[in-house]
Amino acid sequence: MSTVIVKYNAGNIQSVLYALERIGQQAVVTDDPGQIRGADKVIFPGVGEASTAMEYLKGRGLDVLLRELKQPVLGICLGMQLMCSYSEENDTTCLGIFEEKVKKFAGLGENGEKLKVPQIGWNNIYDLKTPLLEGLPENSFCYFVHGYYADLGKHTIATTRYGQPYSSGLHRDNFYGVQFHPEKSATVGERILKNFLENV
Amino acid sequence: MLTKRIIPCLDIKDGRTVKGVNFENIRDAGDPVELGALYAQQGADELVFLDITATNEKRKTLRELVNRIAHHINIPFTVGGGISSVEDVSLLLQNGADKISVNTSAYRRPELVGELAKEFGSQCVVLAIDTRQEEDGEWYVYLNGGRVRTDTRCVDWARQAVDLGAGEILLTSMNHDGTKKGFAMDITRTLAESLPVPIIASGGGGTMPHFVNILGEGKADAALAASIFHFKEISIPELKGYLQDQHIAVRI
Chain A
1 MSTVIVKYNA GNIQSVLYAL ERIGQQAVVT DDPGQIRGAD KVIFPGVGEA
51 STAMEYLKGR GLDVLLRELK QPVLGICLGM QLMCSYSEEN DTTCLGIFEE
101 KVKKFAGLGE NGEKLKVPQI GWNNIYDLKT PLLEGLPENS FCYFVHGYYA
151 DLGKHTIATT RYGQPYSSGL HRDNFYGVQF HPEKSATVGE RILKNFLENV
Chain B
201 MLTKRIIPCL DIKDGRTVKG VNFENIRDAG DPVELGALYA QQGADELVFL
251 DITATNEKRK TLRELVNRIA HHINIPFTVG GGISSVEDVS LLLQNGADKI
301 SVNTSAYRRP ELVGELAKEF GSQCVVLAID TRQEEDGEWY VYLNGGRVRT
351 DTRCVDWARQ AVDLGAGEIL LTSMNHDGTK KGFAMDITRT LAESLPVPII
401 ASGGGGTMPH FVNILGEGKA DAALAASIFH FKEISIPELK GYLQDQHIAV
451 RI
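Rendered as structure tokens:
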């Protein structure tokens with residue numbers, strides 16, 4: 001089986017590769033369209049800013065390529081947000097794979113409590129669906145770092161609460177996305193990466 | 201819900217974990233990679249590696265060590281010590297660090313904070329502040345591992361750095377560090393309530409109730425400690441169990 005990690009100008013892509021190595025899996029980090037198209041599994045990671053990342057992807061035709069992929073694709077953090085329809089971060093039109101929209105955390109929760117933005121740390125995921133999250137107990141803890149969140153919607157497969165509930169996982173057809181960092185989420189994250197490579 | 205973080209800190213000198221008392225008297229505490237992996241397995245939420253020789257001897261943080269850590273550890277980790285440019289950070293991130301912390305170099309050239317935030321995002325820029333409360337009651341910023349005093353108030357520098365793009369503050373009280381008499385409650389709470397970014401409290405954690413105090417009443421988002429973990433005075437599972445019993449939200 002071949003796995004590629006999409007290389008682009010968004011953050012620490014290396015750590016996803018190391019996480020796969022820790023669970024005994026190989027992957028190639030590349031932005032080569034042929035290699036991405038030909039892979040069995042595609043991981044689309046990312047930490048950074050949405051509009052700069054989208055411009056970069058468009059400049060290399062990776063936006064069209066990603067949308068057309070037929071094999072399982074896993075977006076992580078910014079990768080998942082870019083797979084949504086739109087992000088409030090610099091008013092960015094995204095890939096539109098998921099219809100859900102990405103909004104900025106307001107800094108106030110629904111009960112008026114003050115929230116630090118970005119959210120940094122471990123939070124739980126619940127209402128878990130799909131083989132990607134198989135074997136995980138409800139309320140498993142994952143590591144999050146983000147200032148923007150995807151709304152709840154029909155593609156939601158995991159929910160997290162920070163001020164209000166939002167989508168910490170999304171799924172449509174062959175496309176999966178998680179807001180947290182499975183590569184940094186201890187054994188829970190390792191199980192999710194394993195599920196993606198073996199069950200999806 | 202978002203939980204409070206427990207962060208073991210590994211001070212590194214010549215590739216070994218060390219711990220000083222009040223920034224002095226360094227003792228050996230083992231192999232950093234082994235120790236880090238053990239903490240991760242025990243439920244540490246994050247790790248901080250500080251190369252304490254770096255600023256003094258102008259030595260770059262050991263990139264190979266960072267790479268080795270990244271290959272063995274499945275939780276986030278921060279690397280600090282002697283970082284003074286975008287290039288330094290780029291190399292550390294390429295080797296697998298999730299965040300970096302800057303201290304003296306950022307104070308000497310505050311634009312560094314903005315440059316790093318712009319290049320890598322605020323989420324990866326931790327501003328470390330060593331601070332001491334003096335007889336006038338004010339908390340002042342200290343540099344170079346606590347050896348150089350400045351006239352800048354801790355609150356002013358923290359605010360400026362956050363405005364420039366720092367994503368977290370790692371606050372070490374020199375009055376409390378190494379004493380095991382509890383964290384600095386007032387300055388931690390002041391920063392936690394006035395700044396929009398997480399505050400990691402450091403210095404003075406000696407008993408489990410100290411952690412309850414700083415994460416509860418002290419409003420810290422995370423608590424960092426070194427020797428109590430290294431010398432097995434308190435284990436992480438035991439600490440987290442205690443925090444949960446005391447109604448502090450933690451990941452178990």
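If you read the sequences in order, they're chains A and B. Numbering of the first sequence is given in my numbering, commencing with residue 1 and proceeding in unit increments. Numbering of the second sequence is given in my numbering, commencing with residue 201 and proceeding in unit increments. Glycine included, every Cβ here is placed at the ideal spot set by N, Cα and C. If you're wondering where the values come from, they're calculated on a predicted model, not measured in any experiment.
- Task: Identify every residue that forms a DSSP beta bridge with THR372(B).
- Result: ASP330(B), SER402(B)
- For the stretch 67-153 of chain A, list the beta strand (DSSP E) runs that are entirely contained and at least 3 residues long, ordered along the chain. 73-76, 101-104, 119-125, 140-146, 148-150
- To the nearest angstrom, how far is it from the Cα of ALA177(B) to the Cα of VAL47(A)? What the structure shows of chain B is the stretch from 201 to 452, and residue 177(B) is not part of that stretch, so it cannot be assessed.
- Who are ALA158(A)'s beta bridge partners in DSSP? GLY169(A)
- Can the beta-carbon of ASP31(A) be found less than 8 Å from the beta-carbon of VAL64(A)? no
- Item | Every unbroken beta strand (DSSP E) inside the stretch 24-72 of chain A [3 residues or more] | 28-30, 41-44
- Item | Residues, ordered as in the chain, of the stretch 271-291 of chain B that lie near chain A by beta-carbon distance below 8 Å | HIS271, HIS272, ASN274, ILE275, PRO276
- Three-state secondary structure assigned by DSSP to PRO208(B): strand
- With a threshold of 16 other CB atoms inside 10 Å of the CB of GLY75(A), please say whether the residue is buried or exposed. buried
- Message: Just to confirm, is the Cβ distance from VAL188(A) to PHE144(A) under 8 Å?
- Response: no
- Query: In the DSSP assignment, what are the bridge partners of GLY418(B)?
  - Reply: Answer is none; GLY418(B) lacks a bridge partner.
- Cβ neighbour criterion (16 or more within 10 Å) applied to GLY337(B): exposed
- Message: For TRP339(B), list the residues DSSP reports as bridge partners.
- Response: GLN333(B)
- Item | Whether THR372(B) touches GLY403(B) by CB criterion (8 Å) | yes
- Along the beta strand (DSSP E) that carries SER284(B), what are the first and last residues, could you check? Note, SER284(B): premise wrong, no beta strand (DSSP E); not H, not E.
- Query: Does the count of Cβ pairs from the stretch 202-217 of chain B and the stretch 146-154 of chain A closer than 8 Å reach three?
  - Reply: no
- Item | Assigned secondary structure, TYR8(A) (DSSP; H/G/I helix, E/B strand, else coil) | coil
- If you compare alpha carbons, which of ASN199(A), GLU49(A), TYR18(A) is closest to LEU133(A)? ASN199(A)
- Query: Quick one: is GLN14(A) near chain B, going by C-beta distance under 8 Å?
  - Reply: yes
- With a CB to CB cut of under 8 Å and the five nearest residues on each side skipped, what residues in its chain are close to GLY314(B)? LEU364, GLY365
- In chain B, which residues lie with their C-beta within 7 Å of the C-beta of GLN119(A)? LEU202
- Item | Backbone secondary structure at ARG191(A) - three-state DSSP | helix
- Answer yes or no: do TYR56(A) and ASN124(A) have a C-beta to C-beta separation smaller than 8 Å? no
- Own chain residues within Cβ distance below 6 Å of PRO45(A), not counting five before or after: ILE13, VAL16, ILE76, GLY79
- Query: First and last residue of the alpha helix (DSSP H) that includes SER435(B)?
  - Reply: Note, SER435(B): premise wrong, no alpha helix (DSSP H); not H, not E.
- Item | Same chain, Cβ closer than 7 Å to ARG191(A), five either side skipped, listed in chain order | GLY135, LEU136
- Query: When Cβ atoms are compared, which residues of the stretch 226-251 of chain B fall closer than 9 Å to chain A?
  - Reply: ALA240, GLN241, GLY243, ASP245, GLU246
- Query: Can you name the residues of chain B whose CB is closer than 8 Å to the CB of ASN123(A)?
  - Reply: MET201, LEU202, THR203
- Task: Could you name the residues of the same chain whose beta carbon sits closer than 8 Å to that of ARG37(A), not counting the 5 residues immediately before and after it, in chain order?
- Result: LEU65, LEU69
- Message: Looking at ALA317(B): is its Cβ nearer than 8 Å to the Cβ of GLY280(B)?
- Response: no
- Should HIS447(B) be labelled buried (16 or more other beta-carbon atoms within 10 Å of its own) or exposed? exposed
- Message: Using the three-state DSSP reduction, which class does ILE300(B) fall into: helix, strand or coil?
- Response: strand
- Does any C-beta atom of chain B lie closer than 8 Å to the C-beta of PHE196(A)? no
- Would you call PHE105(A) buried or exposed, if buried means 16 or more other Cβ atoms sit within 10 Å of its Cβ? buried
- Query: Got a sec, what are the start and stop residues for the beta strand (DSSP E) VAL178(A) sits in?
  - Reply: 175-178
- Query: GLU311(B) to LEU292(B), Cα distance in whole Å?
  - Reply: 20 Å
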